[in-house]
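Per the working numbering, the very first residue in the sequence shown carries number 113; after that it's consecutive.
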Amino acid sequence: MIHTLIETGCPPSLIYIFGALLVPFLKGKVKAAYMLLIPIVSFAIVAGVDIHGGSRWVYSLLTFGPEYNLILGRIDSLSRIFGFIFMIITFISLIYAIKVNDDLQYMAGLFYAGGALGVTFAGDLFSLYIFWEIMAIASTFLILARRTKASQAAAFRYVMVHIVGGLSLLAGIVLYIQTYHTTQFSYIGLTGPASWFIFFGVAVNAAVIPLHGWLKDAYPEATAAGAVFLSAFTTKSAVYVMARMFPGADLLIWLGAAMTALPIFYAVLENDIRRVLAYSLINQVGFMLCGIGIGTQLALNGAAAHAFCHILYKALLFMSAGAVMEMTGKTRCTDLGGLYRTMPLTCIFCIIGAASISAFPLFSGFVSKSMIISAAGYEHLVLVWFIFQFASAGVFHHAGIKVPFFMFFGHDSGLRPKEAPTNMLIAMGMAAFLCIYLAVDFKTLYNLLPFPVDYVPYTSAHVVGQLQLLMFGALAFCLLILSGIYPSEIRAEHLDTDWFYRKGAVLFYALADVCMNTINKVCDFLFANKLTSMINTFAKNAPATLALLVLLPFKGMMSSKEGEPSFKDRVNQAFATGSLPVGITAAVTTLFIVALFILK
Numbered sequence: 113m114i115h116t117l118i119e120t121g122c123p124p125s126l127i128y129i130f131g132a133l134l135v136p137f138l139k140g141k142v143k144a145a146y147m148l149l150i151p152i153v154s155f156a157i158v159a160g161v162d163i164h165g166g167s168r169w170v171y172s173l174l175t176f177g178p179e180y181n182l183i184l185g186r187i188d189s190l191s192r193i194f195g196f197i198f199m200i201i202t203f204i205s206l207i208y209a210i211k212v213n214d215d216l217q218y219m220a221g222l223f224y225a226g227g228a229l230g231v232t233f234a235g236d237l238f239s240l241y242i243f244w245e246i247m248a249i250a251s252t253f254l255i256l257a258r259r260t261k262a263s264q265a266a267a268f269r270y271v272m273v274h275i276v277g278g279l280s281l282l283a284g285i286v287l288y289i290q291t292y293h294t295t296q297f298s299y300i301g302l303t304g305p306a307s308w309f310i311f312f313g314v315a316v317n318a319a320v321i322p323l324h325g326w327l328k329d330a331y332p333e334a335t336a337a338g339a340v341f342l343s344a345f346t347t348k349s350a351v352y353v354m355a356r357m358f359p360g361a362d363l364l365i366w367l368g369a370a371m372t373a374l375p376i377f378y379a380v381l382e383n384d385i386r387r388v389l390a391y392s393l394i395n396q397v398g399f400m401l402c403g404i405g406i407g408t409q410l411a412l413n414g415a416a417a418h419a420f421c422h423i424l425y426k427a428l429l430f431m432s433a434g435a436v437m438e439m440t441g442k443t444r445c446t447d448l449g450g451l452y453r454t455m456p457l458t459c460i461f462c463i464i465g466a467a468s469i470s471a472f473p474l475f476s477g478f479v480s481k482s483m484i485i486s487a488a489g490y491e492h493l494v495l496v497w498f499i500f501q502f503a504s505a506g507v508f509h510h511a512g513i514k515v516p517f518f519m520f521f522g523h524d525s526g527l528r529p530k531e532a533p534t535n536m537l538i539a540m541g542m543a544a545f546l547c548i549y550l551a552v553d554f555k556t557l558y559n560l561l562p563f564p565v566d567y568v569p570y571t572s573a574h575v576v577g578q579l580q581l582l583m584f585g586a587l588a589f590c591l592l593i594l595s596g597i598y599p600s601e602i603r604a605e606h607l608d609t610d611w612f613y614r615k616g617a618v619l620f621y622a623l624a625d626v627c628m629n630t631i632n633k634v635c636d637f638l639f640a641n642k643l644t645s646m647i648n649t650f651a652k653n654a655p656a657t658l659a660l661l662v663l664l665p666f667k668g669m670m671s672s673k674e675g676e677p678s679f680k681d682r683v684n685q686a687f688a689t690g691s692l693p694v695g696i697t698a699a700v701t702t703l704f705i706v707a708l709f710i711l712k
């Protein structure tokens with residue numbers, strides 16, 4: 113059956129997208145089984161494809177002019193590893209959300225995952241753009257699905273930012289095709305205006321600083337299940353596109369390094385658990401982009417491996433935070449605490465996710481992040497290497513300790529919620545198992561990477577060095593607790609870089625309002641009122657005025673007697689009534705003059 117699907121043309125992306133359309137018509141266990149079958153069938157299809165067999169599912173776009181093809185199945189080692197993890201996390205996320213009574217979330221999630229797979233397996237720029245926009249639209253509905261004023265405002269900002277990014281991507285694609293006469297989706301580098309437009313459009317989705325404000329605004333306002341989907345697809349699809357189009361771009365090294373370091377300061381101050389996780393997500397994507405910028409085989413392998421592991425442990429952390437939110441209705445550090453008493457399994461799964469993101473040995477983050485850090489060292493990027501060390505300690509501080517500490521330990525909030533529902537626990541358990549399994553049997557992960565791997569993560573230098581960094585992060589957290597800075601300071605509100613363009617937008621609107629409306633008022637006064645009135649008057653009186661000019665030589669013949677209307681009034685009255693009683697003399701004389709001109 114799978115072989116038939118491959119040969120007859122069933123791209124995994126379309127299985128997700130068209131499969132989503134049937135969700136509202138199904139009920140109960142049938143719906144649950146149907147939705148879970150979608151990622152299973154898609155995974156089997158991709159697993160059965162020979163990555164050396166060329167492109168599949170190719171469709172002709174135009175029958176006239178230059179021939180462009182839509183390629184929906186460019187499956188190689190790079191696209192396959194991203195495709196696998198996207199399908200795995202879709203399966204886990206659907207289990208997590210299986211008891212949600214909201215078809216909007218199911219359909220948006222499947223459309224979103226289908227868009228991400230479409231981007232991953234696209235072999236041409238047209239397909240890339242189409243699925244890119246599907247992702248943007250579908251993910252917006254996962255934010256709106258929470259149905260609060262805050263989620264509506266966040267969704268509006270989210271979609272506006274992604275419209276700008278999408279238009280930039282489209283402009284770059286059009287310029288690229290016009291310049292190079294090809295639609296091939298492959299390496300382009302930062303070589304001209306087209307590539308810079310494309311780079312900016314992708315950078316928006318990657319949440320590159322200072323364009324990251326949409327992420328920390330939108331993800332915490334999504335539903336519990338929606339945040340899990342969101343954490344997996346948009347930024348990692350952008351990482352994949354960067355790896356495909358811009359490997360070795362030096363700019364990505366420094367942008368990535370900034371992303372690893374700056375979010376740490378915001379995450380330390382943030383009070384909302386899911387905002388902390390949003391900032392740590394930006395931090396982790398920074399490692400991936402930096403690896404892509406370094407561009408060596410080890411660095412690119414590290415970026416792909418880290419994306420794979422990150423999707424799992426970040427989803428696990430968002431699932432644990434979502435479970436707490438569903439059971440308590442709260443997400444703020446200062447409102448939580450002591451939940452380990454009644455939610456012990458959720459607590460354990462959260463700790464596994466925290467250990468993974470902190471890159472503890474025997475947890476998945478260790479076997480992926482160390483590849484990127486080692487690649488920076490091998491290329492003698494000393495400053496970047498030191499930034500990585502700081503960022504590694506910082507992420508343990510805020511995501512590794514702060515999140516589980518304030519949710520499950522810390523002060524006793526007095527909350528005694530029930531344990532999370534069984535489906536949520538199963539989903540968290542699956543993600544937790546993979547976080548540990550990939551660290552123990554890391555060769556399974558390394559065998560999926562784009563290039564041959566000659567790297568051993570578990571050396572004494574790596575293990576001891578990483579443990580030292582983690583201990584420094586723990587020490588910093590303890591000092592903040594003992595000094596009393598935690599938890600008092602985390603109640604404060606803080607401003608991120610998006611403050612500048614938010615205030616700039618308000619200023620721009622105010623200036624536009626003053627300038628444009630002033631011009632409108634002047635135009636209304638000079639033209640709309642005066643000029644329009646003059647034109648109306650002229651148009652109304654034009655026939656009579658012209659008649660007066662023609663009949664002016666005969667005015668004496670048609671002079672009125674005393675008490676009768678004047679010559680002008682008689683002409684105007686004639687045109688107003690349609691009777692034209694201007695006198696037989698004028699009519700005969702006019703006809704005589706016309707006859708003279710004709711006979712001449």
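Even glycine gets a Cβ: it sits at the ideal position worked out from N, Cα and C.
Helix, strand or coil at residue i [DSSP, three-state]
| i | result |
| --- | --- |
| ASP384 | strand |
| ASN559 | coil |
| ARG186 | coil |
| ARG444 | strand |
| SER432 | helix |
| ASN213 | coil |
| VAL161 | coil |
| VAL515 | helix |
| ARG259 | coil |
| SER482 | helix |
| VAL286 | helix |
| TYR570 | coil |
| ARG168 | strand |
| ASP524 | coil |
| ASP553 | coil |
| ASP625 | helix |
| ASP608 | coil |
Other residues of its chain near residue i: CB distance less than 6 angstroms, five sequence neighbours each side excluded
| i | result |
| --- | --- |
| TYR146 | LEU138 |
| SER349 | ALA228, VAL231 |
| PRO123 | TRP169, LEU184, GLY185 |
| PHE309 | SER280, ALA283, GLY284 |
| ILE463 | PRO516 |
| MET400 | VAL351, ALA415, HIS418, ALA419 |
| LEU190 | PRO562 |
Integer-rounded CB distance, given that residue j should sit under 8 angstroms from residue i
| i | j | result |
| --- | --- | --- |
| MET519 | VAL436 | 6 angstroms |
| ILE404 | PRO359 | 6 angstroms |
| CYS547 | SER476 | 5 angstroms |
| ILE200 | ALA539 | About 11 angstroms; that fails the 8 angstroms criterion. |
| ALA267 | ALA330 | 7 angstroms |
| LEU493 | ILE365 | 7 angstroms |
| SER125 | PHE243 | 6 angstroms |
| ILE193 | VAL153 | Incorrect: roughly 19 angstroms between the Cβ atoms, too far for contact. |
| ALA511 | LEU429 | 7 angstroms |
| PRO136 | ASP215 | 5 angstroms |
Under 8 angstroms between C-beta atoms of residue i and residue j
| i | j | result |
| --- | --- | --- |
| LYS328 | TYR391 | yes |
| ALA257 | ALA306 | no |
| ALA543 | ALA433 | no |
| CYS402 | ALA379 | no |
| ASP188 | ILE157 | no |
| PHE585 | LEU527 | At residue 585 the sequence reads Gly, which differs from the Phe that was named. No, the pair does not count as a contact, with Cβ atoms beyond the cut-off. |
| ASN395 | VAL507 | yes |
| GLN217 | GLY338 | yes |
Alpha carbon of residue i to alpha carbon of residue j, nearest angstrom
| i | j | result |
| --- | --- | --- |
| ALA417 | TYR570 | 16 angstroms |
| ALA319 | GLN578 | 27 angstroms |
| LEU222 | ASN213 | 15 angstroms |
| LEU410 | VAL568 | 11 angstroms |
| THR609 | GLY541 | 36 angstroms |
| LEU412 | MET354 | 11 angstroms |
| LYS514 | PHE196 | 31 angstroms |
| MET536 | LYS211 | 9 angstroms |
| LEU302 | TYR292 | 14 angstroms |
| ALA467 | TYR425 | 9 angstroms |
| PHE176 | GLY235 | Low confidence applies to PHE176: its pLDDT is 47, below 50, so where it sits in the model is not reliable, and the reading given next is rough at best. Roughly 21 angstroms separates the two Cα atoms. |
8 angstroms Cβ shell around residue i - same chain, five flanking residues per side excluded
| i | result |
| --- | --- |
| GLY407 | PRO359, GLY360, ALA361 |
Neighbourhood of residue i by C-beta distance below 7 angstroms, restricted to the same chain and skipping five residues each side
| i | result |
| --- | --- |
| ALA250 | ALA220, PHE223, TYR224, GLY227 |
| ASN181 | VAL170, TYR171, SER172, LEU173, ASP236 |
| LEU323 | ALA315, VAL316 |
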